[in-house]
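Sequential numbering of the sequence shown, starting at 38, is according to this note's numbering.
Idealized CB from N, CA, C, for every residue including glycine.
Predicted model, so just to flag it, every value in this text is computed and none were measured.
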Amino acid sequence: MNMAAERTDYAGLYQEYFRLMMDAYEGNIYISDLDSYELLYLNNTSCDTLGSPPEKLLGHKCYEVIQGRSTPCPFCTNDKLREDEYYEWEFDNPVLERKFLIKNRLINWEGHRARLELSHDMYTSEFKLEKKNREQDALLRSVPGGFARLDARDCSTVLWYGANFLDMIGYTAEQFENELHSQCTYLHQEDLQRIIPMLQELMVTGGNMVTEAKITTRSGQTKILTITLSYARGEESWDGIPSFYTIGIDITKQREEQERQRKILEEAYKTAQIASEAKTNFLSSMSHDIRTPMNAIMGMTAIAEANIDSQEKIRDCLNKINTSTHHLLNLINEVLDMSRIESGKIDLISEEVSLPEMFEDIANMFQPLVAERNQKLQLFSGHLRHWKVRTDGGRLQQVLMNLLTNAVKYTPEGGTISLRVQELPDNSGNKGQYGFIIEDNGIGIDGEFLPHIFEPFTRAEDTRINKIQGTGLGLAITQNIVRMMNGTIEVKSELGKGSEFIVAIPLERCDEIVIPEAEPDNLGASDANDNDSQGTSEALDEKTQDFLTSKRILLVEDNELNREIASELLQMHGFSIDKAENGQRAVEKFVTSAPGTYDCILMDIQMPVMDGYQATRTIRSLDREDAHTIPILALTANAFATDLARAHSAGMNDHIAKPIDINRLLESLQRWMKK
38 MNMAAERTDY AGLYQEYFRL MMDAYEGNIY ISDLDSYELL YLNNTSCDTL
88 GSPPEKLLGH KCYEVIQGRS TPCPFCTNDK LREDEYYEWE FDNPVLERKF
138 LIKNRLINWE GHRARLELSH DMYTSEFKLE KKNREQDALL RSVPGGFARL
188 DARDCSTVLW YGANFLDMIG YTAEQFENEL HSQCTYLHQE DLQRIIPMLQ
238 ELMVTGGNMV TEAKITTRSG QTKILTITLS YARGEESWDG IPSFYTIGID
288 ITKQREEQER QRKILEEAYK TAQIASEAKT NFLSSMSHDI RTPMNAIMGM
338 TAIAEANIDS QEKIRDCLNK INTSTHHLLN LINEVLDMSR IESGKIDLIS
388 EEVSLPEMFE DIANMFQPLV AERNQKLQLF SGHLRHWKVR TDGGRLQQVL
438 MNLLTNAVKY TPEGGTISLR VQELPDNSGN KGQYGFIIED NGIGIDGEFL
488 PHIFEPFTRA EDTRINKIQG TGLGLAITQN IVRMMNGTIE VKSELGKGSE
538 FIVAIPLERC DEIVIPEAEP DNLGASDAND NDSQGTSEAL DEKTQDFLTS
588 KRILLVEDNE LNREIASELL QMHGFSIDKA ENGQRAVEKF VTSAPGTYDC
638 ILMDIQMPVM DGYQATRTIR SLDREDAHTI PILALTANAF ATDLARAHSA
688 GMNDHIAKPI DINRLLESLQ RWMKK
């Protein structure tokens, strides 16, 4: 438990005893809201004085029920009211036909800025005064703690004690006087040194304070107390000695339980964190290690098919395929021997969903809103090979609607919002990795606020959005839904330039590969020939071939066999290839090349010296125009949904998974190099 919660703990305990003492107080006690004058509390004596039960008085104006007035009393609202001292005055109440001695003070009562009023009938008999003293003594004895009067002259001598003081410190009266000499040396020395300056400050400022301290009992046990101290000057004391009146309550068991719970939570968190990191590292490692030999097998097969008349080339390919097959078999056996990974259940509805139909529904719902704001809404399904998936359609649509709603709200009139879906090839099963990218050219998000954007109830402090309605919950809900679907969500934004949200989710595919003739309608699409908005029947046609053969590609791949496969496949289709064995070498080649030398960079991710993410960020940060415009495509065995988001965050334009699907690669190259 943090310090704020601990303060709330003993503050609540203190207020509970404070209320108990007030209920037993012989005089009248009223607590009323300082702004509304509504009564928040009356003790039993006040109810007797007014002749009504509390339920008929609470919530009414204090000046109405106590004084019979129609307006606030000027004595209760003047500038003499203080938080650190009482304001005393006399009042002849015409309604109650009695004269009262009244004390007023400002307090915080259960979150209200309130006025505490204590009053006594000045004609009360001595008998009632004595009865009051006895009741107060009985009340003090009922509190599960100890009372003590500490001499303010040395801040050490205990002049008086009562209630359970001796039981609390573990001494008899004789032992306390003879062994401790009535000194507060039972306090731990470090706590005593900390408290003494606080006491000295109280002697100057007055008032009271609450703190915690450790004590050592006679038997050697350590206890934790919450201690309340109130200072009384010598002229206010019956014997003229300035004193601190203290209440000590033993909270040792509470603090021990809190510490136990804290350790349990800390250990549970560490265990969960270790398990999560182990799972992530395991899956990432297995994905990369399995796909690497698969890439070699598929790539060498394609090369062999292209060189069917060359026995020497086919023999070389078969040897490399055989080596990779044995390596893959060993990896599979190792995976089967691994301990199972914990998985949690998610409360989602599984149903068949048509992504184009969902896009059409979204377009229809947003059409009136964007038309009203004279905006363009573009919906693209580039590289969507399977249109039907199995997922919770309502939840997925909710994610996209939330993000699009924000984009529309925070994009000025005439702006552009786009939603693009991409499917990453995945040969490991019937699930595919789908990326949903929502972009706008709106006002953008301040970099300092980005780490808090998914926190509930938070909104950026920006005068441009003060009038835009919102609870600050939309993105927090969106993030939770995405996590339930085993996906990720990331954001990139720049003030004045717009925002990009990348949602990556694994989805089960329901249909065969489909190459669409056309995509769902675009709302306000400015370019009818945009490659994202057009299907293509084939990648290897003549126009595409002529366009691609003039292009030079920088291929960055640390694995020699994979470099050979990718290089030969691309050269077979007319590309000019330059190679780099790691990210640092790729950066060096790009820096030393003339602008425009390379038309595209194919970047592996896991490499020695410098990985693909770091290399991409370095290239994008260079002070030359083509560093910001050259297409950089991730060509990697890292093919999980999170890898798509990481690639976009690093500045990559697209993500192509290994093993290489040459048609998919050619489609992506054509798309990005034509931009």
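Backbone CA spacing between Tyr62 and Leu138 [nearest angstrom]: By 1-based counting over the sequence shown, the position of residue 62 is 25. By 1-based counting over the sequence shown, the position of residue 138 is 101. Roughly 15 Å between the two C-alpha positions.
Supposed contact pair Ser455 and Phe417 - C-beta distance, whole angstroms, cut 8 Å: The residue you call residue 417 lines up with position 380 of the sequence shown. The residue you call residue 455 lines up with position 418 of the sequence shown. About 7 Å; that satisfies the 8 Å criterion.
Distance CB(Lys251)-CB(Asp228) smaller than 7 Å: Working through the sequence shown from its first residue, we reach residue 251 at position 214. Working through the sequence shown from its first residue, we reach residue 228 at position 191. Yes, Cβ-Cβ distance for Lys251 and Asp228 is below 7 Å.
Beta-carbon proximity of Leu659 to Gly472, cut-off 7 Å: Position 622 of the sequence shown holds residue 659. Position 435 of the sequence shown holds residue 472. Going by C-beta atoms, Leu659 is not nearer than 7 Å to Gly472.
Coarse secondary structure for His225, derived from DSSP in three states: The residue you call residue 225 lines up with position 188 of the sequence shown. Coil.
As assigned by DSSP and simplified to three states, the class of Ile378: Residue numbering aside, residue 378 sits at position 341 when the sequence shown is read from its first letter. In this prediction, Ile378 has a pLDDT of 29, which is less than 50 and means its spatial position is unreliable; what the coordinates show is noted afterwards. In the three-state reduction of the DSSP assignment, Ile378 falls in the coil class.
Nearest-angstrom Cα separation, counted from Ala513 out to Ile386: What you label residue 386 is simply residue 349 of the sequence shown in a count that begins at 1. What you label residue 513 is simply residue 476 of the sequence shown in a count that begins at 1. Cα to Cα, Ile386 sits roughly 21 Å from Ala513.
Proximal residues to Lys98 (C-beta, below 7 Å), its chain only, five neighbours per side dropped: Working through the sequence shown from its first residue, we reach residue 98 at position 61. If the five residues before and after Lys98 are omitted, its C-beta is found closer than 7 Å to the C-beta atoms of Tyr74 and Glu75, all from its own chain and listed in chain order.
Minimum C-alpha distance to Met644 - residue among Tyr67, Thr629, Glu211 and Ala674: Numbered from 1 along the sequence shown, position 607 holds the residue referred to as residue 644. Among Tyr67, Thr629, Glu211 and Ala674, the Cα nearest to that of Met644 is on Ala674.
Alpha-carbon spacing of Ala671 relative to Gly649, whole angstroms: Your numbering for residue 671 matches position 634 in the sequence shown. Your numbering for residue 649 matches position 612 in the sequence shown. Cα to Cα, Ala671 sits roughly 8 Å from Gly649.
Proximity of Ser280 and Ala189 at Cβ, strictly below 7 Å: Translated into positions along the sequence shown, residue 280 becomes position 243. Translated into positions along the sequence shown, residue 189 becomes position 152. A Cβ-Cβ contact shorter than 7 Å links Ser280 with Ala189.
In DSSP terms, what Met640 is bridged to: As a position in the sequence shown, residue 640 is number 603, starting the count at 1. Met640 pairs with Val593 and Ala671.
DSSP three-state assignment for Glu527, whether helix, strand or coil: Within the sequence shown, the letter at position 490 stands for residue 527. For Glu527, the secondary structure class from DSSP, reduced to helix, strand or coil, is strand.
Below-7 Å beta-carbon distance, Gly336 vs any chain B residue: Any reference to chain B falls outside this structure, which holds one protein chain only.
Three CB pairs or more closer than 8 Å across the region 476-485 and the region 444-455: Contact annotation: the region 476-485 touches the region 444-455, with at least three C-beta pairs closer than 8 Å.
First and last residue of the uninterrupted alpha helix (DSSP H) at Tyr650: Within the sequence shown, the letter at position 613 stands for residue 650. Gly649 to Arg657 is the extent of the alpha helix (DSSP H) around Tyr650.
Pro111 versus Lys425, Met337, Trp126 and Ala617, residue with shortest Cα-Cα distance: In the sequence shown, counting from the first residue as 1, residue 111 sits at position 74. Across the set Lys425, Met337, Trp126 and Ala617, the C-alpha of Trp126 shows the shortest separation from the C-alpha of Pro111.
Among Ile261, Ile669, Tyr635 and Gly451, the one whose alpha carbon lies nearest that of Gln651: Numbered from its first residue, the sequence shown carries residue 651 at position 614. Answer by Cα proximity: Ile669.
Continuous alpha helix (DSSP H) stretch holding Asn81: start and end: Taking the first residue of the sequence shown as position 1, residue 81 is located at position 44. Counted as a single uninterrupted DSSP element, the alpha helix (DSSP H) harbouring Asn81 occupies residues Asn81 to Leu87.
Inter-residue CB distance, Ala718 and Ile68 (contact presumed, cutoff 8 Å): Summary: the structure shown does not reach residue 718, with the chain confined to residues 38 through 712, and so no result is reported for it.
For Leu206, three-class secondary structure by DSSP: Translated into positions along the sequence shown, residue 206 becomes position 169. For clarity, residue 206 is Ile in the given sequence; the question names Leu instead. Three-state DSSP puts Ile206 in a helix.
With 16 other Cβ atoms within 10 Å as the buried cut-off, status of Asn401: Here residue 401 corresponds to residue number 364 of the sequence shown, with the count starting at 1. Flag for Asn401 reads exposed.
Contacts around Gly535, its chain only, beta-carbon distance under 6 Å, and the 5 residues preceding and following it disregarded: For the purposes of this step, residue 535 is taken as residue 498 along the sequence shown, with counting starting at 1. Spatial neighbours of Gly535 in its own chain (CB-CB distance under 6 Å, excluding positions within 5 residues in sequence) are listed in chain order as Asp477, Asn478, Gly479 and Gly481.
C-alpha gap between Pro330 and Leu355, whole angstroms: Counting from one through the sequence shown, the residue named residue 330 turns up at place 293. Counting from one through the sequence shown, the residue named residue 355 turns up at place 318. Between the C-alpha atoms of Pro330 and Leu355 there is a straight-line separation of about 13 Å.
Lys307 classed as buried or exposed, judged by whether at least 16 other C-beta atoms fall within 10 angstroms: Your numbering for residue 307 matches position 270 in the sequence shown. Exposed: under 16 other Cβ atoms inside 10 Å.
Of the residues Ile667, Leu217 and Met335, the one placed nearest Ile358, counting alpha carbons only: The sequence position of residue 358 within the sequence shown is 321, counting from 1. It is Met335 whose Cα lies nearest to the Cα of Ile358.
Cβ contact check for the region 287-303 and the region 255-268: 3 or more pairs under 8 Å: Counting C-beta pairs with one atom in each stretch, the region 287-303 and the region 255-268 have three or more that are closer than 8 Å, which means they touch.
Rounded Cβ spacing between Leu591 and Ala603 (contact assumed at less than 8 Å): Counting from 1 along the sequence shown, the entry for residue 591 is found at position 554. Counting from 1 along the sequence shown, the entry for residue 603 is found at position 566. Wrong, their Cβ atoms sit about 12 Å apart, outside the cutoff.
Glu545 and Lys468 closer than 7 Å at C-beta: For this step, residue 545 is matched to residue 508 along the sequence shown. For this step, residue 468 is matched to residue 431 along the sequence shown. Going by beta carbons, Glu545 and Lys468 fall inside the 7 Å limit.
Euclidean distance between Cα positions of Lys117 and Tyr124: For the purposes of this step, residue 117 is taken as the residue at position 80 of the sequence shown. For the purposes of this step, residue 124 is taken as the residue at position 87 of the sequence shown. Rounded to whole angstroms, the separation of the alpha carbons of Tyr124 and Lys117 is 7 Å.
Member of Leu95, Glu618 and Met640 whose CA lies at the smallest distance from the CA of Leu77: Sequence index remark: in the sequence shown, residue 77 carries index 40 (1-based). Of Leu95, Glu618 and Met640, the residue nearest in Cα terms is Leu95.
CB contact flag (Cys547, Lys425, <7 Å): For this step, residue 547 is matched to residue 510 along the sequence shown. For this step, residue 425 is matched to residue 388 along the sequence shown. In contact: Cys547 and Lys425 (Cβ atoms closer than 7 Å).
Identity of the residues DSSP links to Lys468 by a beta bridge: Counting from one through the sequence shown, the residue named residue 468 turns up at place 431. As computed with DSSP, Lys468 is found in a beta bridge with Glu545.
Extent of the continuous alpha helix (DSSP H) run through Phe403: Sequence index remark: in the sequence shown, residue 403 carries index 366 (1-based). Taken as a continuous stretch (DSSP letters only), the alpha helix (DSSP H) holding Phe403 covers Leu392 to Glu409.
Cutoff 7 Å; reference Met710; Cβ partners in own chain excluding five residues on either side: The sequence position of residue 710 within the sequence shown is 673, counting from 1. If we look at Met710 and ignore the five residues flanking it on each side, its Cβ neighbours are Lys588, Asp636, Cys637 and Pro668.
Of the listed residues Trp197, Asp60 and Leu71, nearest to Asn81 (C-alpha basis): Along the sequence shown, read from residue 1 onward, the residue named residue 81 stands at position 44. Ranking the options by Cα distance to Asn81, first place goes to Asp60.
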